[in-house]
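Residue numbers (UniProt numbering): 1 to 334.
Glycine included, each C-beta is placed from N, C-alpha and C at the ideal position.
Please read these numbers as outputs of a predicted model, since none were measured by experiment.
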């Protein structure tokens, strides 16, 4: 019988099995070839499509048990794998059951894959997207492990396996063999070293964002009062801070004085850099401010919060506190 796909049909290949030569993949191949609707499909693509269509009959031999749990006395554990290739990203989840005798039973629960975008992106980015597909909430860092490609079942979905091999593919249906062994035998890297590397990446990202300046201040006109602007910004900063926390208590209470002060300092820096960017950059690298700068005579400097301050006659007033003697430099009309 001819293979017919109507526009109203929803086609899924088991929801678990994905081959790079699937219909979706080949549509992607045609899009990337920039063919017009009336142009013939290239011969190599036609051959791969016909080979794939002939292999579909092999799917009839696949039998999937409806019940995947063991006896009621078993303990259960969900274990997920993710992977990515230049063609797709994938995530696979298995249920590991352990009965009262200590024997294990492994069954495939669910799998999901996604065709790689037409726009080429790096493999690390694809692998990250595969990890996002695997989890919907944060997991502790030490729950992640590295698995070699030949022992990673998600590799089957991201790179593809022929339909003729799928029915008896133990790695896909049962996962790697070491899942059947005793607890705590996962391939575990040096987590402490990975934590150090992650910390370095976070710090590098912070440094990069600090020096990024947007000169568009129109957003300030969307707030009726300064207090409202500060509070909204404080909640945004809290959200960013919570997303970076690992196994720590998330802030969900009322805004604290410290959070409001941090928000105010952020906007002070933002406004200052929109006008005095050259001066601030010179101070950051310990260079002398240009003679043409109007701040040069005021002895400007950056305090511990990266806020631009100036000196002047107030420095001689000893009965005032340090912040009052070293005023912030606020641009005109701000």
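| Item | Value |
| --- | --- |
| With respect to the alpha helix (DSSP H) encompassing residue 231, which residues constitute its N-terminal and C-terminal limits? | 226-243 |
| I need the straight-line Cα distance from residue 87 to residue 50, nearest angstrom please. | 20 Å |
| Excluding five sequence neighbours on each side, which residues of the same chain lie with their C-beta closer than 6 Å to the C-beta of residue 272? | 308 |
| Determine, using beta-carbon pairs with one atom in the stretch 64-84 and one in the stretch 151-161, whether at least three such pairs fall under 8 Å. | yes |
| Going by beta carbon distance, what residues of the same chain come within less than 7 Å of residue 293, once the five residues before and after it are set aside? | 279 |
| In terms of residues, what are the limits of the beta strand (DSSP E) holding residue 109? | 104-115 |
| Here's a check: name, in chain order, each residue in its chain whose Cβ is nearer than 8 Å to the Cβ of residue 255, leaving out the five neighbours to either side. | 231, 234, 235, 238 |
| May I ask which residues mark the beginning and end of the beta strand (DSSP E) holding residue 83? | 75-84 |
| In this structure, does DSSP put residue 62 in helix, strand or coil? | coil |
| For residue 263, count neighbouring Cβ atoms within 10 angstroms of its own Cβ and tell me buried if that reaches 16, exposed if not. | buried |
| Alpha helix (DSSP H) containing residue 268: first to last residue? | 257-275 |
| I need the straight-line Cα distance from residue 163 to residue 55, nearest angstrom please. | 6 Å |
| Since I believe residue 110 is in contact with residue 157 (beta carbons under 8 Å), could you give me their beta-carbon distance rounded to a whole number of angstroms? | Contact doesn't hold; Cβ gap of about 11 Å is too wide. |
| Given residue 65, which residues of its chain have a CB within under 8 Å of its CB, disregarding the five upstream and five downstream residues? | 107 |
| List the DSSP bridge partners of residue 89. | 84, 114 |
| Measuring CA to CA, which of 288, 101, 59 is closest to residue 296? | 288 |
| With the cut-off set at 8 Å, would you say residue 179 and residue 172 are in Cβ contact? | no |
| Ordered along the chain, which non-local residues of its own chain (more than five positions away) have a Cβ less than 7 Å from that of residue 170? | none |
| Confirm, please, whether the CB-CB distance from residue 310 to residue 302 is below 8 Å. | no |
| Taking the continuous alpha helix (DSSP H) assigned at residue 159, which residues delimit it? | 154-159 |
| Is it right to say residue 63 is buried, meaning 16 or more other beta carbons lie within 10 angstroms of its own, or is it exposed? | exposed |
| Considering only their Cβ atoms, is the gap separating residue 74 from residue 98 smaller than 8 Å? | yes |
| Looking at the structure shown, is residue 309 part of a helix, part of a strand, or coil, going by DSSP? | strand |
| Taking DSSP as the reference, what is the three-state secondary structure of residue 69? | coil |
| Between which two residues does the alpha helix (DSSP H) harbouring residue 50 extend? | 43-55 |
| Under 8 Å, do residue 77 and residue 96 count as touching if we go by C-beta distance? | yes |
| Would you mind reading off the limits of the alpha helix (DSSP H) that contains residue 178? | Unbroken run through residue 178: none, as it is neither H nor E. |
| How would you write the range of the alpha helix (DSSP H) that residue 170 sits in, first residue to last? | 170-174 |
| Alpha carbon to alpha carbon, how far is residue 284 from residue 258? | 25 Å |
| Which of helix, strand or coil does DSSP assign to residue 295? | coil |
| Exposed or buried, which one is residue 300 when buried takes at least 16 other CB atoms within 10 Å? | buried |
| Going by other Cβ atoms of all chains shown within 10 Å of its Cβ, with 16 needed for buried, is residue 47 buried or exposed? | exposed |
| Exposed or buried, what is residue 220 when buried is set at 16 or more other beta-carbons lying within 10 Å of its beta-carbon? | exposed |
| Note down the Cα distance separating residue 57 from residue 168, rounded to an integer number of angstroms. | 15 Å |
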